[in-house]
Each structure stands twice: as structure tokens, then as C-alpha cells.
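Visitor: In the numbering used here, the protein residues as written are 1 to 62. Heads up, the beta-carbon is just placed ideally off N, CA and C, and yes, glycines get one too.
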Amino acid sequence: MSQGRFNLSALAVRERSVTLFLIILVTIAGIYAFFGLGRAEDPPFTVKQMTVITVWPGATAQ
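(1) So the alpha helix (DSSP H) residue 65 belongs to, where does it begin and stop?
(2) Where do the N-terminal and C-terminal ends of the alpha helix (DSSP H) with residue 12 fall, by residue?
(3) Is residue 19 near residue 10, with beta carbons less than 8 Å apart?
The structure is reproduced here in C-alpha cells:
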């Protein structure tokens, strides 16, 4: 390994306690965010719909 390059894998293996702490921290933050999400059984939504009426002399009503 060259000295001038940053190697994240080597750092994670070398600093196991910091790596484990960060994994636990991210996991707890993810669980907290998941349970903080708003949920509804039947969420409201709008149906966007329109009707176009035109006059066309001689056309059948289909």
C-alpha cells in the first residue's frame, strides 16, 4: 500500500471500535427515522380528471 493514498478499508479494520460505533449509530438513527415516519391506513389522494365536451356537426355520439 502506498503511503500517500487514503484507504478507507484499512482504516475501518485498524479502528474497529470506531467502525462498530458508527455502524450502531447509523442503525439507531435509521430505526428512529423509520418509526418517525407518518403513516396512514388510507392516505388521502386526489384524482385528477377532466371532461372535454366539443361540438362536431355531423359526428355520431360515441
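Guide: Inspection of the coordinates gives the following:
(1) This structure does not reach residue 65, given that the chain is present from 1 up to 62, and the question cannot be answered.
(2) Taking the sequence shown and counting its residues from 1, the one referred to as residue 12 is at position 12. Its alpha helix (DSSP H) spans residues 8-14.
(3) On the sequence shown, residue 19 is found 19 positions in, with the first residue counted as 1. On the sequence shown, residue 10 is found 10 positions in, with the first residue counted as 1. In this structure, residue 10 does not lie closer than 8 Å to residue 19 by Cβ.
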